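Undergrad: Dropping a structure here in structure tokens format, bear with me for questions.
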Amino acid sequence: MLRIAVLFLLVLAGCSPQLPSVRLGELDPTVPEVRVPDSGEALVVAVAGMLSPRASEPYRRLAAALAEKLGRDVVVLQRRTYADVLELLREGTAQVGFLCTLAAGKGVSEGYLRAVAAGVPYEYAPYRSVILTRADMQVRGLEDLANRRFAFVDPLSNTGFAWPQRYFRNRGVDARTFFSQTVFTYSHDRSIRALLDGFVDAAAVDGIVYFGLLKDDPGLGRELRVLWESPEDPPPPLVVRSGLPEAQVSRLLAALTSLDKSLLGPLHIARFTPTDSAPYRRIWAQFLEEPHAAP
């Protein structure tokens, strides 16, 4: 079961200029820094903090399988925030990235990334935003969360920030004043842990993560309740730097689409399928039109 103590640290400069926030301390051991080979022969893959370092281990096993299929070293880098991962890709430290849908939209819209594959989730774990509360709380609707504590994931999270903000705004709710406290946890599983351990009263997370955990541990459904779900969106993509040679992209796609299901199952992904940047560019454009558009 997802139980671990959380240390709260005040953030003097909030992660979003429009939201009062505190930051959840690290829930898991930090990812050791990996030195990128100077030769440039390794393929460097950046992984967004959609999952905490410990929960991101399936991505590392996937990268190892890619290394074998591609016949070259693969280095995996993870950073705490989605913005930090985008910077690895923008500056060229990493050539490939597993990103959330909104962060990918930012990168492709700014021209330094292109989406080439999408991880198609299993039907039991649709990609949508899910707002959760604890089952033992007397919460039946959004109004019952007034003056309570709410967890977002990251200012560049589609399911963990953009969609819940959209929902609140459509209900006439300003998160800055409606909740007694808002936090950014920087991963979906951390948000769920914070909710289970009573540090927050509700959280918005990725349906792939929550429903995937629920499948692995049905008892979670007795502890948490789904308060609201968004429509589905295009799932998180694999992106590459815009200048990556087409031959390398083709080999990468061939390797991804031939991965064994045993590697994808822990991520609750049925398969990878080719995609393009257009759906992610649209999602970013919609985000920019909304009041919270400057995270």
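Numbering (our numbering), first residue to last: 1277 to 1571. Where a beta carbon is used, it is the ideal one built from N, C-alpha and C, also for glycine. Owing to the predicted nature of the structure, the values given are computational and were not obtained by experimental measurement.
Using CA coordinates, which residue listed in 1425, 1454, 1372, 1361 is at the minimum distance from residue 1319?
TA: In the sequence shown, the residue the question calls residue 1319 occupies position 43. Of 1425, 1454, 1372, 1361, the residue nearest in Cα terms is 1372.
Undergrad: Quick one: what's residue 1505 bridged to in DSSP?
TA: The residue given as residue 1505 occupies position 229 in the sequence shown. Note: residue 1505 sits in a beta bridge opposite 1406.
Undergrad: At the level of alpha carbons, what is the spacing between residue 1502 and residue 1485?
TA: The sequence position of residue 1502 within the sequence shown is 226, counting from 1. The sequence position of residue 1485 within the sequence shown is 209, counting from 1. Taking the straight line from one Cα to the other gives about 13 Å.
Undergrad: May I ask you to list the residues that DSSP assigns as paired with residue 1515?
TA: In the sequence shown, residue 1515 corresponds to position 239, counting from 1. Note: residue 1515 sits in a beta bridge opposite 1373, 1391.
Undergrad: Rounded to the nearest angstrom, how far is the Cβ of residue 1389 from that of residue 1365, given a contact under 8 Å?
TA: Here residue 1389 refers to the residue found at position 113 when the sequence shown is read from its first residue. Here residue 1365 refers to the residue found at position 89 when the sequence shown is read from its first residue. Contact flag correct, Cβ pair sits at about 6 Å.
Undergrad: Within the same chain, show all residues whose beta-carbon is closer than 7 Å to that of residue 1545, passing over the 5 residues directly before and after it, in chain order.
TA: Taking the sequence shown and counting its residues from 1, one reaches residue 1545 at position 269. Cβ within range, chain order: 1395, 1396, 1397.
Undergrad: Given that a residue counts as buried once 16 or more other Cβ atoms are within 10 Å of its Cβ, and exposed if not, what is residue 1300?
TA: Residue 1300 sits at position 24 when you count from the first residue of the sequence shown. Reliability of the predicted coordinates at residue 1300 is poor, the pLDDT of 39 falling under 50, and the value obtained from them is presented with this limitation in mind. Counting the other Cβ atoms within 10 Å of the Cβ of residue 1300 gives 16 or more, which makes it buried.
Undergrad: Can you tell me whether DSSP reads residue 1548 as helix, strand or coil?
TA: As a working note, residue 1548 is residue 272 in the sequence shown. Correct three-state label for residue 1548: strand.
Undergrad: Helix, strand or coil for residue 1494, going by three-state DSSP, please let me know.
TA: Looking up residue 1494 in the sequence shown gives position 218. Residue state, collapsed to three classes: coil.
Undergrad: For residue 1533, count the other beta carbons within 10 Å of its own beta carbon; 16 or more makes it buried, fewer makes it exposed. Which is it?
TA: Residue 1533 sits at position 257 when you count from the first residue of the sequence shown. That one is exposed.
Undergrad: Distance check for residue 1498 and residue 1378, CA to CA, integer angstroms please.
TA: Numbered from its first residue, the sequence shown carries residue 1378 at position 102. Numbered from its first residue, the sequence shown carries residue 1498 at position 222. Using only the alpha carbons, I get a separation of about 31 Å.
Undergrad: Can you tell me which of the three DSSP states residue 1431 falls into?
TA: Taking the sequence shown and counting its residues from 1, the one referred to as residue 1431 is at position 155. Reduced to three states, the DSSP call for residue 1431 is coil.
Undergrad: Counting along the chain, where does the beta strand (DSSP E) carrying residue 1352 start and finish?
TA: Taking the first residue of the sequence shown as position 1, residue 1352 is located at position 76. Run containing residue 1352: 1350 to 1354, per the beta strand (DSSP E) assignment.
Undergrad: Expressed to the nearest angstrom, what Euclidean distance is found between the alpha-carbon atoms of residue 1324 and residue 1540?
TA: The residue given as residue 1324 occupies position 48 in the sequence shown. The residue given as residue 1540 occupies position 264 in the sequence shown. Their backbone Cα atoms lie some 17 Å apart in a straight line.
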